């Protein structure tokens, strides 16, 4: 599994001539890194003098960020697995009309799966921005830049994941599915950049 690889091995595997892991898995890794940084800032805030009033808030941030971290780690493999299912679907026999119909159905379902995984990555990465904002504004100010990096990583994960959604949507014939997916992405895309800028504007160095 990709998530079990060392950092070095993952990078080298990404650089190989294998198409997976690709941008979707890397977007999930970016989001996992963002969640880890948020959790770290929360940990660096808890128990520190001068931050007693935000203890409960930081405990919650730590818990939620930790849960997202685990989700994103799993998404790394889910994204690559969804791509591999497309490749497997294309290898199905197509000698008879019945086989062709079944192959088309399986291919379409595989493309939907390959669009759904990064859609979930992007939606969950977007949710990280609120947590990043909390640690930047109220967390240990000695680690404020870590919170800022988390915000940037989360924004990158959103855009990176959604690019992978869009390339798969181009192969999906279900217009309702495509329209609904595009609508979900647009709602987030309209907000994500401005939220990141707002967070970074709070970092005074």
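In this note's numbering, the protein residues as written are 4 to 208. Just so you know, even glycine gets a beta-carbon here, dropped at the ideal spot from N, CA and C. Since the model is a prediction, treat every value here as computed from it, not as a measurement.
Sort 154, 152, 22, 187 by Cα distance to residue 169 and report the nearest one.
-> Start at 1 with the first residue of the chain shown, and residue 169 comes out as number 166. For the residues 154, 152, 22, 187, the minimum Cα distance to residue 169 belongs to 187.
Would you mind stating whether residue 146 and residue 57 have Cβ atoms separated by less than 7 angstroms?
-> To locate residue 146, count along the chain shown from 1; it is residue 143. To locate residue 57, count along the chain shown from 1; it is residue 54. Not in contact: residue 146 and residue 57 (Cβ atoms no closer than 7 angstroms).
Taking 7 angstroms as the cut-off, decide whether the C-beta atoms of residue 83 and residue 28 are in contact.
-> Your numbering for residue 83 matches position 80 in the chain shown. Your numbering for residue 28 matches position 25 in the chain shown. Contact flag set, yes.
Residue range of the unbroken alpha helix (DSSP H) whose run includes residue 157 | For the purposes of this step, residue 157 is taken as residue 154 along the chain shown, with counting starting at 1. It spans 147-172 - the alpha helix (DSSP H) in which residue 157 sits, taken as one unbroken run.
Using three-state DSSP, classify residue 23 as helix, strand or coil.
-> By one-based count along the chain shown, residue 23 stands at place 20. Residue state, collapsed to three classes: coil.
Locate the alpha helix (DSSP H) running through residue 185, then write down its first and last residues.
-> Taking the chain shown and counting its residues from 1, the one referred to as residue 185 is at position 182. Residues 178-204.
Using the Cα positions of residue 16 and residue 109, report the straight-line distance between them to the nearest angstrom.
-> Working through the chain shown from its first residue, we reach residue 16 at position 13. Working through the chain shown from its first residue, we reach residue 109 at position 106. The alpha-carbon atoms of residue 16 and residue 109 are separated by roughly 28 angstroms.
For residue 89 versus residue 117, is the C-beta distance shorter than 7 angstroms?
-> Along the chain shown, one-based indexing puts residue 89 at 86. Along the chain shown, one-based indexing puts residue 117 at 114. Contact flag set, yes.
May I ask you to report which of helix, strand or coil DSSP gives residue 3?
-> What is shown of the chain runs 4 to 208, which leaves residue 3 out entirely.
For residue 153 and residue 197, the rounded distance between their alpha carbons | By one-based count along the chain shown, residue 197 stands at place 194. By one-based count along the chain shown, residue 153 stands at place 150. One C-alpha to the other measures close to 15 angstroms.
Just checking my contact of residue 131 with residue 157 at CB under 8 angstroms: how many whole Å lie between their CB atoms?
-> Taking the first residue of the chain shown as position 1, residue 131 is located at position 128. Taking the first residue of the chain shown as position 1, residue 157 is located at position 154. About 4 angstroms; that satisfies the 8 angstroms criterion.
When we look at the beta-carbon of residue 150 and count the other beta-carbons within 10 Å, is it buried (16 or more) or exposed?
-> Working through the chain shown from its first residue, we reach residue 150 at position 147. With 16 or more other Cβ atoms within 10 Å, it is buried.
Go ahead and pull the three-state DSSP assignment for residue 95.
-> In the chain shown, residue 95 corresponds to position 92, counting from 1. Reduced to three states, the DSSP call for residue 95 is coil.
Figure out for me which residue from 13, 165, 128 has the closest Cα to the Cα of residue 155.
-> Taking the first residue of the chain shown as 1, we reach residue 155 at position 152. The option with the nearest alpha carbon to residue 155 is 128.
Going along the chain, which residues of its own chain have a beta-carbon closer than 8 angstroms to the beta-carbon of residue 5, five neighbours each way excluded?
-> As a first step, residue 5 must be located in the chain shown, where it is residue number 2. Scanning its chain for C-beta atoms nearer than 8 angstroms, with the 5 sequence neighbours on each side dropped, one finds around residue 5 the residues 13, 16, 24, 28, 79, 80, 83, in chain order.
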